[in-house]
Every structure is written in structure tokens, then in C-alpha cells.
Amino acid sequence: MTSSKGTITQALSGWVIDRMEARFRAEAPADDAIYRTLEIRWTATACLLDHPVVFKAVVGSLGTAGPKPRVVRLRSRALWELALGDLAGISEDLRGRARAILTDQIAITFSGCLSFWIAGEIADEGLSSAVGTATATALLGFTAPRHRERVLAAMTLDATPGGPAGGPE
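Just so you know, we're using the working numbering here: the sequence shown kicks off at 1099 and counts up by one.
Dropping the structure here:
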């Protein structure tokens, strides 16, 4: 990838994340961190699904090495940090650890979902479900007991083509 192409891709990626953040702020879901984090997946995936062919190309090109480090991971972490906010709903004894690692882990699981989506292993209509399940899985270990049922309810098995969890039809 040439430097100018990489710069354009980075700019487009930043624009997509900016759109996700702006939409989420406009929706301003008022609740705890668990609810906001599970909700932001609808916002994030809706932005990508506005133009799936374009965004698959943009996001897919970010997976190739460039001449200098990128900021996509930092930008993605910031998006999830926005949703987690004050960490209300996270077990009080785990908030320090959650603050240290949870945004990064959710960003990584989100990126993994996008990789499978780009490869065609997660259908457009299954992307929100896949992101929701991945996000809920990351959240579950940090969730206060009174919120666990809500997090478990966000987990589905039908996020990919070919039946439950992408198995054969």
C-alpha cells in the first residue's frame, strides 16, 4: 500500500469512527455502562452497514502493514471508552482492572468481528449480533451480578452464515 493510499484509508477509518461517536452522542443513551456498551454496537454496525461494500474495503485495507504505526486501535478504544463511561454496572471490585483493559479487549473483539465480516463469514445482517455477542462476552467477566442476565441475553449463536456459530447448514 502506498503512503498516500494508506493516508486516505486512515482518514476514511477516522471518519467512520467519528460518525459512530457522533451518532452515539446524539442518541445519548442514559443508563449504566453495561447498557451503553451493548447499545453502541447498534450504532457502530449501522454506520458500517450504511455502505458495506465501501467500508469492507476501507476496514479490510487497515489489516495490512504500513510504513508507520496506525491509530485505529486507539480510536476504537476511545469509542468503547465513551460507552463504558463511569463503569456503572461493572463490579466495583473489578473497576480498576476494567478501566485498564476492557476498552482494549472490546476493541480487539470488535476488530475480530469485522475481520470475519470482511471475509464474508459474517453476513451483513448478522454483524450487529456478532458484535453484541463478542462485546457481551468481554463484559461478562466484569459485570456486577445484578446485570449478568442482561449481558447473557445479548449473546446469540446466529451471527454468521451457515447456521449457529457459523457451523454447516
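Heads up, the beta-carbon is just placed ideally off N, CA and C, and yes, glycines get one too.
For I1220, three-class secondary structure by DSSP: The sequence position of residue 1220 within the sequence shown is 122, counting from 1. Looking at I1220 - three-state DSSP - the assignment turns out to be coil, as it is neither helix nor strand.
Between the CA atoms of R1123 and R1195 - distance to the nearest angstrom: Translated into positions along the sequence shown, residue 1195 becomes position 97. Translated into positions along the sequence shown, residue 1123 becomes position 25. Spanning the alpha carbons of R1195 and R1123 requires a straight line of approximately 25 Å.
Within 8 Å, strictly: CB atoms of A1242 and I1188: Locating residue 1242 in the sequence shown gives position 144, counting from the first residue. Locating residue 1188 in the sequence shown gives position 90, counting from the first residue. Yes, the pair counts as a contact, with Cβ atoms nearer than the cut-off.
Proximal residues to T1235 (C-beta, below 8 Å), its chain only, five neighbours per side dropped: The residue labelled residue 1235 in the question sits at position 137 within the sequence shown. Sequence-distant Cβ neighbours of T1235 in its own chain, meaning closer than 8 Å and more than five residues away, are T1207 and M1253.
Anticipated Cβ contact below 8 Å, I1115 with R1173, distance rounded: Position 17 of the sequence shown holds residue 1115. Position 75 of the sequence shown holds residue 1173. Distance from I1115 to R1173 at the Cβ level is roughly 5 Å; contact confirmed, criterion being Cβ atoms closer than 8 Å.
Buried or exposed by the 16-neighbour rule on C-beta atoms within 10 Å, applied to E1220: As a first step, residue 1220 is located in the sequence shown; it is residue number 122 there, counting from the start. The sequence given here has Ile at residue 1220, not Glu. Residue environment: I1220 is assigned as buried (16 or more neighbouring CB atoms within 10 Å of its CB, all protein chains considered).
Given 8 Å, three or more beta-carbon pairs between the segment 1151-1160 and the segment 1125-1140: Contact between the segment 1151-1160 and the segment 1125-1140 is absent: fewer than 3 CB-CB pairs across the two stretches fall below 8 Å.
Those residues which DSSP pairs with T1068 across a bridge: Residue 1068 is absent from the structure shown; the chain starts at 1099 and stops at 1267.
From S1111, S1213 and L1136, residue whose alpha carbon lies closest to that of R1248: Sequence index remark: in the sequence shown, residue 1248 carries index 150 (1-based). Nearest C-alpha to R1248 among S1111, S1213 and L1136: L1136.
8 Å contact criterion, which C1211 and L1200 should meet: CB distance rounded: Locating residue 1211 in the sequence shown gives position 113, where the first residue counts as 1. Locating residue 1200 in the sequence shown gives position 102, where the first residue counts as 1. That pair is no contact at about 16 Å.
Under the three-state DSSP convention, the category V1114 falls into: Taking the first residue of the sequence shown as 1, we reach residue 1114 at position 16. In the displayed model, V1114 falls within a helix according to three-state DSSP.
Three-state secondary structure assigned by DSSP to D1129: Within the sequence shown, numbered from 1, the residue matching residue 1129 stands at position 31. When DSSP states are grouped into helix, strand and coil, D1129 belongs to the coil group.
D1184 to E1190 span [Cα, whole Å]: By one-based count along the sequence shown, residue 1184 stands at place 86. By one-based count along the sequence shown, residue 1190 stands at place 92. If I take the Cα positions, the gap works out to 11 Å.
Buried or exposed by the 16-neighbour rule on C-beta atoms within 10 Å, applied to S1111: In the sequence shown, residue 1111 corresponds to position 13, counting from 1. Counting Cβ neighbours within 10 Å, S1111 comes out buried, since at least 16 surround it.
Straight-line Cα distance separating D1222 from E1125: Taking the sequence shown and counting its residues from 1, one reaches residue 1125 at position 27. Taking the sequence shown and counting its residues from 1, one reaches residue 1222 at position 124. Straight through space, the alpha carbons of D1222 and E1125 are spaced by roughly 23 Å.
Collapsed DSSP secondary structure at D1148 in the structure displayed: For the purposes of this step, residue 1148 is taken as residue 50 along the sequence shown, with counting starting at 1. D1148 falls in the coil class under three-state DSSP.
Alpha carbon of G1218 to alpha carbon of P1150, nearest angstrom: The sequence position of residue 1218 within the sequence shown is 120, counting from 1. The sequence position of residue 1150 within the sequence shown is 52, counting from 1. For G1218 and P1150, the distance between alpha carbons rounds to 11 Å.
Delimiting residues of the alpha helix (DSSP H) encompassing V1170: Translated into positions along the sequence shown, residue 1170 becomes position 72. V1170 -> alpha helix (DSSP H) spans V1170 to L1182.
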